[in-house]
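**Q** Pasting a structure below so you can have a look.
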Ligand SMILES: [Ca+2]
Ligand SMILES: [Ca+2]
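Laid out in structure tokens, this is it:
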């Protein structure tokens, strides 16, 4: 791994930062029956909880999806306005069909459930967990393109000037292609919302019939295979249908975790439909369902030196603090640019760099705030200089000797992931004993 870092004098001083992660709490006993010990049990038990919701009509003189969405998608700063999904525009609530905004099926209706005639009781078509208010032109441009990162040669659909700068990547939506062969990349602050709506649709719709109305429901599934997505685009309601792209959705879920506005949206929809989006409440279940990372518990048996064998000579020291629920990490690496001629190192070589990081952990995951340590000396009583946060690490343990570390250093323009293992394996058995407790 190469890092572009500021040239600074560094030392081993460990700086403690407040954890940035506030772990979501389940809503009362709503999830009491969940069994998250495997992807299969989690899927089954979650489906049972969110199944058989109350359906509201798509359009009606009674309460309909317009009414629910205009409450769910209200502008947090101005309750008489709504915020649109892709463009992030504010509009005064108009409801019921207007020239500015309409309703976006984030899981396109053409993938499994296009027919919403009155007799069909089409539950996914009217499910407001996956419906969002959208500018009509952006909705039309998105069409039924699968969600996927759009890296080159794509057309920009910026967010409104008040809230974005329209530059790649992140602050704009991007698209290319058409229909199933196309892609639509959601801008950075809503991409996680969309990912979690897709995960919800997969788990909510498992085929069979609605437990109260008896209406038949499709089994909706997520995939990275466009031919599967296209296979159910028949113009009819299908028993099995597909959407994607799963890998981008998993990345977007990590990049844009649930925030206050998304949690409020979940509450509003739950107050009508009677079911919740579990992935807004408990984001860590996504890793269990789609990556089979379910039951591993971070424990003090992980305390050790870790490294990537491909870049031996640099690495990580991990210290788990079980009583604090915190994980402390020191990352020893090198500057990618040669140091100034004549630069003096306080410890080691001038190109050595130490990052330190601290944060909360839960289950198999930890999210750490990173700082570049500098300014302290072992033989000098002067207090170390504190640094502004430098970025984040996400640690995902897949066992007692397998760790995926994702790093993001915005100031240096660097992000990526590294697969790590221990330098020596003596403590693996201790970890396995503690993980089994
Ligand atoms: Ca978001
Ligand atoms: Ca499904």
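Numbering (this note's numbering), first residue to last: 1 to 437.
Just so you know, even glycine gets a beta-carbon here, dropped at the ideal spot from N, CA and C.
Taking 8 Å as the cut-off, decide whether the C-beta atoms of residue 275 and residue 120 are in contact.
**A** In the chain shown, residue 275 corresponds to position 275, counting from 1. In the chain shown, residue 120 corresponds to position 120, counting from 1. No, they are not a contact pair.
**Q** Under the rule that 16 or more other beta-carbon atoms within 10 Å means buried, what is residue 60, buried or exposed?
**A** Here residue 60 corresponds to residue number 60 of the chain shown, with the count starting at 1. Exposed is the call here.
**Q** Terminal residues of the continuous alpha helix (DSSP H) containing residue 198?
**A** To locate residue 198, count along the chain shown from 1; it is residue 198. Where residue 198 is concerned, the enclosing alpha helix (DSSP H) stretches over 191-204.
**Q** Mind the definition here: the region 304-311 touches the region 422-429 only if three or more C-beta pairs lie below 8 Å; say whether that holds.
**A** Touching, per the Cβ criterion.
**Q** Closer than 6 Å by C-beta to residue 319: which residues in its own chain qualify, once you throw out the five before and the five after it? Chain order, please.
**A** Looking up residue 319 in the chain shown gives position 319. For residue 319, where only same-chain residues beyond five positions count, the Cβ hits under 6 Å are 303 and 328.
**Q** Specify which residues have a beta carbon nearer than 7 Å to any heavy atom of ligand 2, listing them in chain order.
**A** Chain-ordered list of matching residues: 202, 203, 205, 206, 219, 220 and 221.
**Q** Below 7 Å, is the gap between the Cβ of residue 262 and the nearest heavy atom of ligand 1?
**A** As a first step, residue 262 is located in the chain shown; it is residue number 262 there, counting from the start. Answer for residue 262: yes, Cβ within range of ligand 1.
**Q** Does ligand 3 have even one heavy atom less than 7 Å from the beta-carbon of residue 380?
**A** The ligand content of the structure shown is limited to ligand 1 and ligand 2, which means ligand 3 is not among them.
**Q** Specify, as a first and last residue, the run of the beta strand (DSSP E) that residue 414 falls within.
**A** Residue 414 sits at position 414 when you count from the first residue of the chain shown. That run of the beta strand (DSSP E) goes 414-422.
**Q** Does DSSP put residue 334 in a helix, in a strand, or in coil?
**A** By one-based count along the chain shown, residue 334 stands at place 334. Strand, per DSSP.
**Q** For the region 241-320, which segments carrying the alpha helix (DSSP H) assignment without a break, of at least 4 residues, lie completely within its bounds, in sequence order?
**A** With a minimum length of 4 residues, the continuous alpha helix (DSSP H) runs that stay inside the region 241-320 are 246-255, 260-273, 278-281 and 285-291.
**Q** Compare the Cα-Cα distances from residue 317 to each of 300, 430, 324 and 233 and report the closest residue.
**A** In the chain shown, counting from the first residue as 1, residue 317 sits at position 317. Selected option, being the one with the closest Cα: 300.
**Q** Look up residue 24 in the DSSP assignment and say whether it is helix, strand or coil.
**A** Counted from its first residue, the chain shown places residue 24 at position 24. For residue 24, the predicted model reports a pLDDT of 39, less than 50, meaning its position is unreliable and no value from the coordinates is stated.
**Q** Let me confirm a value: residue 246 is counted as buried when at least 16 other C-beta atoms fall within 10 Å, else exposed. Which label applies?
**A** Sequence index remark: in the chain shown, residue 246 carries index 246 (1-based). Under this definition residue 246 is a buried residue.
**Q** Rounded to whole angstroms, what is the Cα-Cα separation between residue 417 and residue 43?
**A** Sequence index remark: in the chain shown, residue 417 carries index 417 (1-based). Sequence index remark: in the chain shown, residue 43 carries index 43 (1-based). Approximately 28 Å, taken between the alpha carbons.
**Q** Whole-angstrom Cβ separation of residue 314 and residue 296, contact assumed at under 8 Å?
**A** One-based indexing of the chain shown puts residue 314 at position 314. One-based indexing of the chain shown puts residue 296 at position 296. With 8 Å as the limit, residue 314 and residue 296 do not qualify as a contact, their Cβ atoms being about 25 Å apart.
**Q** With a threshold of 7 Å (Cβ to nearest heavy atom), would residue 74 be considered close to ligand 1?
**A** For the purposes of this step, residue 74 is taken as residue 74 along the chain shown, with counting starting at 1. Not so, every heavy atom of ligand 1 lies at least 7 Å from the Cβ.
**Q** Tell whether a beta-carbon distance below 8 Å holds between residue 72 and residue 130.
**A** In the chain shown, counting from the first residue as 1, residue 72 sits at position 72. In the chain shown, counting from the first residue as 1, residue 130 sits at position 130. No, the Cβ-Cβ distance between residue 72 and residue 130 is not below 8 Å.
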